Amino acid sequence: MNWSEFFNMGGYAFYVWTSYGLFILVIVANIISPMMQRKKVISHIKRTIRRENIGQAKRRHQS
Amino acid sequence: MLEAQSLECVRDDRLLFSGLSFSVSDAEVMQIEGHNGSGKTSLLRIICGLRQPEAGQVMWQGESIKSNRESYYENMVYIGHLPCIKADLTVLENVRSLLDTRSLALANSIIETALENVGLASYEDVQGKALSSGQRRRILLAFLELAQAKLWILDEPLTALDVQGVDLMESMILDHRQAGGSVIFTTHHGMQLDCEMRSVHLGHSNYQE
Amino acid sequence: MLEAQSLECVRDDRLLFSGLSFSVSDAEVMQIEGHNGSGKTSLLRIICGLRQPEAGQVMWQGESIKSNRESYYENMVYIGHLPCIKADLTVLENVRSLLDTRSLALANSIIETALENVGLASYEDVQGKALSSGQRRRILLAFLELAQAKLWILDEPLTALDVQGVDLMESMILDHRQAGGSVIFTTHHGMQLDCEMRSVHLGHSNYQE
Amino acid sequence: MLKAYYYLLFRDLRLALRNRHELANPLIFFVLVVTLFPLAVTPTPETLQTMAPGVIWVSALLAVLLSLDRLFKQDYEDGSLDQLMLSPNPLVILVLAKVTAHWLLTGLPLVIIAPLLGLFMSLPMEAVIVLIYSLLLGTPVLSLIGAIGVSLTVAVNRGGVLLSLIILPLYIPILIFGANAVDVAMAGLPVSGQLLFLGAVLALSVSLAPLATSVALRITASR
Amino acid sequence: MLKAYYYLLFRDLRLALRNRHELANPLIFFVLVVTLFPLAVTPTPETLQTMAPGVIWVSALLAVLLSLDRLFKQDYEDGSLDQLMLSPNPLVILVLAKVTAHWLLTGLPLVIIAPLLGLFMSLPMEAVIVLIYSLLLGTPVLSLIGAIGVSLTVAVNRGGVLLSLIILPLYIPILIFGANAVDVAMAGLPVSGQLLFLGAVLALSVSLAPLATSVALRITASR
Amino acid sequence: MWHWIQRFSSPKHFYTMSVPLIKWFTVGALLIGLYGLYLGLFVAPTDYQQGESYRIIFIHVPAAWMSLFVYMVMAASAGIGIIWQIRLADMVAAASAPIGASFAFLALVTGSLWGKPMWGAYWVWDARLTSELILLFLYLGYMALQSAIEDQRSADKASGLLAIVGVVNIPIIHYSVEWWNTLHQGATVTKFDKPSIHVDMLIPLLLMAVAFKLFYAAIVLIRARNEALYRDRNRRWVRELIEQL
Ligand code: HEM
Ligand SMILES: Nc1ncnc2c1ncn2[C@@H]1O[C@H](COP(=O)(O)OP(=O)(O)OP(=O)(O)O)[C@@H](O)[C@H]1O
Ligand SMILES: Nc1ncnc2c1ncn2[C@@H]1O[C@H](COP(=O)(O)OP(=O)(O)OP(=O)(O)O)[C@@H](O)[C@H]1O
Ligand SMILES: [Mg+2]
Ligand SMILES: [Mg+2]
Numbered sequence: 333m334n335w336s337e338f339f340n341m342g343g344y345a346f347y348v349w350t351s352y353g354l355f356i357l358v359i360v361a362n363i364i365s366p367m368m369q370r371k372k373v374i375s376h377i378k379r380t381i382r383r384e385n386i387g388q389a390k391r392r393h394q395s
Numbered sequence: 011m012l013e014a015q016s017l018e019c020v021r022d023d024r025l026l027f028s029g030l031s032f033s034v035s036d037a038e039v040m041q042i043e044g045h046n047g048s049g050k051t052s053l054l055r056i057i058c059g060l061r062q063p064e065a066g067q068v069m070w071q072g073e074s075i076k077s078n079r080e081s082y083y084e085n086m087v088y089i090g091h092l093p094c095i096k097a098d099l100t101v102l103e104n105v106r107s108l109l110d111t112r113s114l115a116l117a118n119s120i121i122e123t124a125l126e127n128v129g130l131a132s133y134e135d136v137q138g139k140a141l142s143s144g145q146r147r148r149i150l151l152a153f154l155e156l157a158q159a160k161l162w163i164l165d166e167p168l169t170a171l172d173v174q175g176v177d178l179m180e181s182m183i184l185d186h187r188q189a190g191g192s193v194i195f196t197t198h199h200g201m202q203l204d205c206e207m208r209s210v211h212l213g214h215s216n217y218q219e
Numbered sequence: 011m012l013e014a015q016s017l018e019c020v021r022d023d024r025l026l027f028s029g030l031s032f033s034v035s036d037a038e039v040m041q042i043e044g045h046n047g048s049g050k051t052s053l054l055r056i057i058c059g060l061r062q063p064e065a066g067q068v069m070w071q072g073e074s075i076k077s078n079r080e081s082y083y084e085n086m087v088y089i090g091h092l093p094c095i096k097a098d099l100t101v102l103e104n105v106r107s108l109l110d111t112r113s114l115a116l117a118n119s120i121i122e123t124a125l126e127n128v129g130l131a132s133y134e135d136v137q138g139k140a141l142s143s144g145q146r147r148r149i150l151l152a153f154l155e156l157a158q159a160k161l162w163i164l165d166e167p168l169t170a171l172d173v174q175g176v177d178l179m180e181s182m183i184l185d186h187r188q189a190g191g192s193v194i195f196t197t198h199h200g201m202q203l204d205c206e207m208r209s210v211h212l213g214h215s216n217y218q219e
Numbered sequence: 013m014l015k016a017y018y019y020l021l022f023r024d025l026r027l028a029l030r031n032r033h034e035l036a037n038p039l040i041f042f043v044l045v046v047t048l049f050p051l052a053v054t055p056t057p058e059t060l061q062t063m064a065p066g067v068i069w070v071s072a073l074l075a076v077l078l079s080l081d082r083l084f085k086q087d088y089e090d091g092s093l094d095q096l097m098l099s100p101n102p103l104v105i106l107v108l109a110k111v112t113a114h115w116l117l118t119g120l121p122l123v124i125i126a127p128l129l130g131l132f133m134s135l136p137m138e139a140v141i142v143l144i145y146s147l148l149l150g151t152p153v154l155s156l157i158g159a160i161g162v163s164l165t166v167a168v169n170r171g172g173v174l175l176s177l178i179i180l181p182l183y184i185p186i187l188i189f190g191a192n193a194v195d196v197a198m199a200g201l202p203v204s205g206q207l208l209f210l211g212a213v214l215a216l217s218v219s220l221a222p223l224a225t226s227v228a229l230r231i232t233a234s235r
Numbered sequence: 013m014l015k016a017y018y019y020l021l022f023r024d025l026r027l028a029l030r031n032r033h034e035l036a037n038p039l040i041f042f043v044l045v046v047t048l049f050p051l052a053v054t055p056t057p058e059t060l061q062t063m064a065p066g067v068i069w070v071s072a073l074l075a076v077l078l079s080l081d082r083l084f085k086q087d088y089e090d091g092s093l094d095q096l097m098l099s100p101n102p103l104v105i106l107v108l109a110k111v112t113a114h115w116l117l118t119g120l121p122l123v124i125i126a127p128l129l130g131l132f133m134s135l136p137m138e139a140v141i142v143l144i145y146s147l148l149l150g151t152p153v154l155s156l157i158g159a160i161g162v163s164l165t166v167a168v169n170r171g172g173v174l175l176s177l178i179i180l181p182l183y184i185p186i187l188i189f190g191a192n193a194v195d196v197a198m199a200g201l202p203v204s205g206q207l208l209f210l211g212a213v214l215a216l217s218v219s220l221a222p223l224a225t226s227v228a229l230r231i232t233a234s235r
Numbered sequence: 013m014w015h016w017i018q019r020f021s022s023p024k025h026f027y028t029m030s031v032p033l034i035k036w037f038t039v040g041a042l043l044i045g046l047y048g049l050y051l052g053l054f055v056a057p058t059d060y061q062q063g064e065s066y067r068i069i070f071i072h073v074p075a076a077w078m079s080l081f082v083y084m085v086m087a088a089s090a091g092i093g094i095i096w097q098i099r100l101a102d103m104v105a106a107a108s109a110p111i112g113a114s115f116a117f118l119a120l121v122t123g124s125l126w127g128k129p130m131w132g133a134y135w136v137w138d139a140r141l142t143s144e145l146i147l148l149f150l151y152l153g154y155m156a157l158q159s160a161i162e163d164q165r166s167a168d169k170a171s172g173l174l175a176i177v178g179v180v181n182i183p184i185i186h187y188s189v190e191w192w193n194t195l196h197q198g199a200t201v202t203k204f205d206k207p208s209i210h211v212d213m214l215i216p217l218l219l220m221a222v223a224f225k226l227f228y229a230a231i232v233l234i235r236a237r238n239e240a241l242y243r244d245r246n247r248r249w250v251r252e253l254i255e256q257l
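Next comes the structure, spelled out in structure tokens:
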């Protein structure tokens, strides 16, 4: 078996390789998306902390 | 400035008022009085042009508001019973979209200052649905302050406001008067204003002419 | 009678209160105080069992209201910010359908008397949508009077009421207390009650454990 | 408890009867959607006949779906739902009352008008009868399951289409069996299997759906 | 004036983007309804193909119909509509902005996803292309006419189905021509006539519908 | 026992405890998956009926199984969350949905890519296909509801309830559609009869299935950790943790 035969998949290359490609895509998306999610969560929390600090400062300033 | 000419209002089968005339000029504050259901809200909506009176008309600077709509609406702002708050927009965006209806594109910093003045500092990014009833009303106060209108028409502006909120509203009205603006408002909860105030009383009348 | 045990409430990212404990016994009137957004409405809804607190629990006659729901709800009535008025039902039907939720089948004449007491005489057959904001609230007063509950939980009951309406509310609370009932309420507009009154103040706190 | 059921049922019926036109609305929607298809497809009588059971069932399903927000949404928004949840009566009973009212106002009229539409789309008589049975068993399930969906989305701002996303997958078995029963009847085969299935689902959902709905209400309506 | 148009347009878009899921909803509804039919009808591929244009068009129409209350209802209920009507800018412009936003959020996604569904229902390629064109011309009309209906029913309590009663008859010509164009394309015949008609209706309604809508708003929203 | 469960299921504890688990699951998934792919692509013989196109099986079938499995896990943990008020279970449920949806999507697309050479059409309205599509919609509904409800606790409980109600639906959909189809069209669909599959095909298939499960385990833990951070964002342990970052 040589490589070009392998990639040809007996004439079904499009179907087989699209499937495997999508498989890789789904795996990668599943890995990346929680990483992005984590970043978003952390920055959200940091933002709230900052906002709370500002809010407290302002409130102290007012009273 | 604003003149109501023998207005008549009928709701369902009840005649609320008829032959009601008054006028409001610059730097004047006027309270519409009357018990529950006497027609204050209806009157204010007629003055705004949101409702057609059964008879009579409303004049703005000598012209009927129907023919003069654009210039009237540029100079008038109305705040009614309803909060006009979009649940999905943040506080800042809510104020902005209210201002958009008046084509006012103000800088964020100006809006933020206004929000601070009405006690919503640090709430800029909170969504409308996460606000308490008083906080919703305070957004309207910020809008009012920024709307650059000469005539304010306020329907129970004190609803849901706490003590500081009431103070704030009062001082806003006084400042506005000082600057030559005029105010028409209703309220059931004593508004303490250190200024002359005229009032129109809506009572019971029963027949329609 | 009612006991709140170290309640904690978080909304969005804000801790509104924690470790809040108090109790209300027979013939007691209690006001929940606090500025706009301090969590009064949230607290009242927790007390009603409409909302789960983050921590703590509410006890009714020694039992948690979760396990004791039926007897609690038989003895309690809650009136919130919202009017609960069906636009398509008449005033009479509105009161009746509110009473139905409590399985109270009262005679029409009794309901009509109550409506008269709250100033809605001759409005029995008017549909909900044709009422002014104050008239809507008055329907709730009639319901309150007829609900035969020991504990009243009222969130800003004075909203939209005119001067007579406020007087009416005050005297209703006093009468209820006289009869051994208890009341928990919030209001921003001075309620003048000629009786002892306890109060809980909600302020600011910041971290959650 | 039974009293509470009747009170609420009658309140909802009265409320609907107050606006006559509203009463007719799901019905009219149903009829309109069914008539849209022949207009859009330009069919031969045979294709019309093949399509008929499916089209009628889909339209019935959509009519119910669209009328679902009548169930709790209004009550949530004006605060009446709070009062219902604060009722000393078990919430399940109250939910059942509301669902009954909903079915009487939506499902039942559809069942009554459907035969007419069936004939209009040249269904044979036996198929029409099965159509009635299948709708009679199926539409209450639509109301019951719909109630779960509505209670889950009651606090969501513009939940209309979210509701359909949640509910349609749950409706699909009913649709398939209902439409299939008519199909099969048209082919002259026995339909007891499909109708039994619909009956079983009805029994199951009468006993479980109100429970799920009341749990969902306590969860979502907390504000 | 143009500024007012853009402001409002962007506000509505932002409002929709705030809830991503909501953005997808009419789309999902569309897809779901289209899938309901093959499930209910048990088709052979040929009947599926004959049904396809009609089913897709009817579903698109229903998806638009259901999303219409996004247009003014919310604004009416929370009082924002009052503020819009008190704007110094002409109401027509504002209405046009809202309708544009509605189409961008509802019609356009449908146009984009429809080809996929066409292929699912085994439509030939030429028919799919005509489907795209017909939807591209037709869906804006649906939004524009829908706006008139919504503004007429905005003050009606539960106007959902009343709305469909008012609007569906007005939608029928669009539906017939739209679906017919695809049908004809499937048969390999020229479709310019149908498309021209749709284009003409679009031009007409762009110029007249916003006017009618704003008049209707001034009448109905008086409270 | 109860006490132990409560302790381990505290988000704070879970946050630290899950790290080694994630590592092991990832390594396992990687090794087994690569070996399975190797066997599937290079070792497994050509199918005498379908030619090479059958190699899609090593993606399609594990993905389809995954989508069902994940739904069951999701519904089960949602149930645990509702009944025993264990917050970690809610987080696992919420974390599962997007993963399950992505695999349902994968199964659908690979299936239809396989369908074109086998049946001559990308899509037919057959039992399996329809039920898988509905499964995808159930996932989407779960996620939409989860994101539509603002209050986190009600969002968890409400969407959890939906997941549970959906479970009742899965077998119904499955059998109903099959029944419906066989009555009319007969089996137009080529299906493998279960036992007759070559061992050299079966082994990589099973390996891939195991690898998929391990992958799911790793990702769901990672996601659940994020959910834990977000849900406890106002608690001290998260605040301290964030401040250290
Ligand atoms: C869009 C198209 C397809 C979808 C949505 C789909 C979906 C599924 C699902 C959900 C399963 C799991 C069934 C279960 O375990 O109960 C499955 C298994 C399977 N599918 Fe597909 N499929 C599709 C196309 C195909 C095609 C074209 C073939 C091959 C001709 C195929 C062959 C298989 C095989 C061999 C299994 C394993 C059967 C078993 O568990 O015994 N599928 N598919
Ligand atoms: N649905 C919600 N989601 C998230 N946060 C909310 C929600 N509703 C209210 N909040 C927040 O909870 C806090 C308390 O709200 P609550 O309505 O209990 O206040 P309140 O004391 O009744 O105020 P007011 O006097 O204005 O009625 C507010 O800061 C508000 O931002
Ligand atoms: N939509 C309506 N249709 C018919 N009648 C109405 C409608 N809205 C209000 N009314 C009637 O008109 C009268 C005046 O209502 P309006 O809202 O103007 O009173 P108001 O003075 O603002 O009262 P409140 O102090 O309670 O706000 C009331 O008696 C009411 O019954
Ligand atoms: Mg008023
Ligand atoms: Mg409050």
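Chains as they are written, first to last, in the working numbering: chain B, 333 to 395; chain C, 11 to 219; chain R, 11 to 219; chain F, 13 to 235; chain S, 13 to 235; chain W, 13 to 257. The C-beta atom is built at its ideal place from N, Cα and C for all residues, glycine as well. Keep in mind it's a predicted model, so treat the numbers as computed, not measured.
Original post:
Are the beta-carbon atoms belonging to C/H45 and R/Q174 less than 8 Å from one another?
Top reply: The residue you call residue 45 of chain C lines up with position 35 of the second sequence. The residue you call residue 174 of chain R lines up with position 164 of the third sequence. Yes; because the gap between Cβ atoms is below 8 Å, this pair is in contact.
Original post:
Can you tell me where the beta strand (DSSP E) with R/D165 in it begins and where it stops?
Top reply: Your numbering for residue 165 of chain R matches position 155 in the third sequence. Looking at the DSSP string, the run of the beta strand (DSSP E) that includes R/D165 is L161 to D165.
**OP:** List the residues of chain W whose Cβ lies closer than 7 Å to the Cβ of S/P50, in chain order.
**Re:** Within the fifth sequence, residue 50 of chain S is the residue found at index 38, counting from 1. Residues of chain W passing the Cβ test: W137.
Subject >> Extent of the continuous beta strand (DSSP E) to which S/A233 belongs >> reply: Mapped onto the fifth sequence, residue 233 of chain S falls at position 221. Where S/A233 is concerned, there is no enclosing beta strand (DSSP E), given that its DSSP letter is neither H nor E.
Subject >> For C/H211: DSSP bridge partner residues >> reply: Taking the second sequence and counting its residues from 1, one reaches residue 211 of chain C at position 201. For C/H211, DSSP records a beta bridge to C/E43.
Original post:
Excluding sequence positions up to five away, which residues of its chain have a Cβ less than 8 Å from the Cβ of W/T200?
Top reply: Here residue 200 of chain W corresponds to residue number 188 of the sixth sequence, with the count starting at 1. Note that W/T200 has pLDDT 32, beneath the 50 cutoff, so the model's placement of it is unreliable and the number below is only indicative. The residues are W131, V136 and D138.
Subject >> First through last residue of the alpha helix (DSSP H) which encompasses F/I125 >> reply: For this step, residue 125 of chain F is matched to residue 113 along the fourth sequence. Unbroken alpha helix (DSSP H) run through F/I125: L120 to F132.
Subject >> Beta carbon proximity, S/I40 to chain W, threshold 8 Å >> reply: If you number the fifth sequence from 1, residue 40 of chain S lands on position 28. Chain W has a Cβ within less than 8 Å of the Cβ of S/I40.
Original post:
So what does R/T123 bridge to, in DSSP terms?
Top reply: As a working mapping, residue 123 of chain R is identified with position 113 in the third sequence. Note: R/T123 sits in no beta bridge, so no partner.
Original post:
From the beta carbon of C/N104, is the nearest beta carbon of chain B less than 8 Å away?
Top reply: As a first step, residue 104 of chain C is located in the second sequence; it is residue number 94 there, counting from the start. Chain B contact via Cβ: absent.
**OP:** Using a Cβ-Cβ cut-off of 8 Å, state whether W/F204 counts as contacting chain B.
**Re:** Here the question's residue 204 of chain W lines up with position 192 in the sixth sequence. Note on W/F204: pLDDT 45, under 50, position unreliable in the model; the coordinate value appears next. Not one chain B Cβ lies under 8 Å of W/F204.
Original post:
What are the partner residues of R/Y88, as DSSP defines its beta bridges?
Top reply: Sequence index remark: in the third sequence, residue 88 of chain R carries index 78 (1-based). According to DSSP, R/Y88 bridges with R/I163.
Original post:
Is the shortest distance between the beta-carbon of W/V121 and the beta-carbons of chain B less than 8 Å?
Top reply: As a first step, residue 121 of chain W is located in the sixth sequence; it is residue number 109 there, counting from the start. Yes - at least one Cβ of chain B is within 8 Å of the one on W/V121.
Original post:
At a Cβ threshold of 8 Å, is F/D24 touching chain S?
Top reply: On the fourth sequence, residue 24 of chain F is found 12 positions in, with the first residue counted as 1. Interface residue (Cβ-Cβ distance to chain S less than 8 Å): F/D24 is not classified as such.
Subject >> Neighbourhood of R/Y217 by C-beta distance below 6 Å, restricted to the same chain and skipping five residues each side >> reply: Locating residue 217 of chain R in the third sequence gives position 207, where the first residue counts as 1. Low per-residue confidence applies at R/Y217: pLDDT is 43, beneath 50, and the placement is therefore not dependable enough to give any value.
**OP:** Tell me whether F/W69 sits in a helix, a strand or coil according to DSSP, three-state version.
**Re:** Taking the first residue of the fourth sequence as position 1, residue 69 of chain F is located at position 57. Note: F/W69 maps to helix in three-state DSSP.
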